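S.K.:
Residue numbers (the numbering used here): 2 to 107.
Written as structure tokens, this is what we have:
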């Protein structure tokens with residue numbers, strides 16, 4: 002078994018790299034779309050909403066409001082799924098090769 006000093010050094014290095022990945026994710030922007038691109042929602046890598054864009058052509062009248070609201074939710078959900086997949090991929094790179102137990106998350 003490795004000595005405790007080496008293990009602590011590895012943990013500190015891993016934490017520093019994890020902090021770098023978190024900062025990189027915060028700076029990343031990912032967009033989800035719905036309605037053939039008529040609604041776009043952009044999130045950062047932490048899942049915080051940054052922008053909503055609605056094509057003015059989608060707003061043909063008050064009857065379209067409920068549809069637009071649904072499209073915003075759909076676009077957000079798509080963007081959120083993309084953010085989660087991207088974050089998982091980036092964290093996977095960080096922990097690649099480490100003997101972590103199944104299901105262990107940083």
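C-beta: ideal position from N, C-alpha, C; glycine also. Here the structure is a predicted model, which is why all the values come from computation and not from measurement.
Compare the Cα-Cα distances from residue 45 to each of 55, 35, 29, 37 and report the closest residue.
M.R.: Comparing Cα-Cα distances from residue 45 to each of 55, 35, 29, 37, the minimum goes to 29.
S.K.: Alpha carbon to alpha carbon, how far is residue 58 from residue 37? Give it in angstroms, no decimals.
M.R.: Taking the straight line from one Cα to the other gives about 12 angstroms.
S.K.: Can you check the stretch 4-80 for any beta strand (DSSP E) of at least 3 residues that lies completely inside it and give the ranges in chain order?
M.R.: DSSP runs (the beta strand (DSSP E)) wholly in the stretch 4-80: 30-35, 40-45, 50-55.
S.K.: Run through DSSP, which three-state label would residue 82 get?
M.R.: Residue 82: helix per DSSP, three-state reduction.
S.K.: Run the CB neighbour count on residue 1, radius 10 Å, all protein chains shown included, and call it buried at 16 or more, exposed below.
M.R.: Because residue 1 is not part of the residues shown, which for the chain are 2 to 107, the question remains open.
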